[in-house]
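Q: Let me give you the structure first, and then I'll get to my questions.
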Amino acid sequence: MKISKPTAFTLIELLVVIAIIGVLVGLLLPAVQQAREAARRISCMNNIKQISLAIHGLYDFQKQFPAGANVSSSQWGIYDVVEEADQGADGSSWLVSVLPLIDQQPLSDQWDLTTNVRSNSEVASKDISTFYCPSRRSGVRSEDINMMFLGWTSGGTDYGGC
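Take 4 as the starting number for the sequence shown in our numbering and just add one per residue.
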């Protein structure tokens, strides 16, 4: 009669296998993070390209590039305190003029060009993903970030123009 010896993993063999798997996962995670960042960088470049094409489309249509800000000359220098200018008491950004060309025609239609940012606060507070670089942050701001000192927590851009 033969006595068979039971076969099983020892505790040391199990720990070695777990350690090898841990090392492989540790080597793989940075590569995954780099791939994600590369995708976000490509998305950011695509956003800039869309904005650039919109600006050039506007130039083709109007024969001029959008102004850095749309401000009526009657409002220049009439602020009683500096904070009024900081809070967008008059005018609007160049981004408003490119809204129709980045598939945001409904928002553009809602914007009243005869008044200021404060009067257009409902439209100005909309988050438009094209105006954000995914490498920097997501398109939606957290509620604790105060936009334009008026209690706005959305709207804005990561890209500048003048």
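We put the CB at the ideal spot given by N, CA and C, even for glycine.
Consult DSSP for residue 96 and reduce its assignment to one of helix, strand or coil.
A: strand
Q: Please confirm if the stretch 23 to 30 is in contact with the stretch 124 to 143, defined as three or more CB-CB distances below 8 Å between the two stretches.
A: Output reads no: the stretch 124 to 143 does not touch the stretch 23 to 30.
Q: If you measure between the beta carbons of residue 65 and residue 105, is that distance less than 8 Å?
A: no
Q: Compare the beta carbon distance of residue 116 and residue 126 with 8 Å and say whether it is the shorter of the two.
A: At least 8 Å separates the beta-carbon of residue 116 from that of residue 126.
Q: Would you call the CB atoms of residue 102 and residue 160 closer than 8 Å?
A: no
Q: Looking at the structure shown, is residue 133 part of a helix, part of a strand, or coil, going by DSSP?
A: In the structure shown, residue 133 falls within a helical segment according to DSSP collapsed to helix, strand and coil.
Q: So what's residue 64 in DSSP terms, helix, strand or just coil?
A: helix
Q: How big is the Cα-Cα spacing for residue 96 and residue 118?
A: 12 Å
Q: Which term fits residue 91, buried or exposed, when burial requires 16 or more other beta carbons within 10 angstroms of its beta carbon?
A: Confidence at residue 91 is low in this model, with a pLDDT of 49, below 50, so the placement of that residue should be treated as unreliable; the coordinate-derived value is given next. Classification of residue 91: buried, given that the 10 Å Cβ count is 16 or more.
Q: If we ignore side chains and look at the alpha-carbon of each, how far apart do residue 8 and residue 35 end up?
A: Computed Cα separation, rounded: 44 Å.
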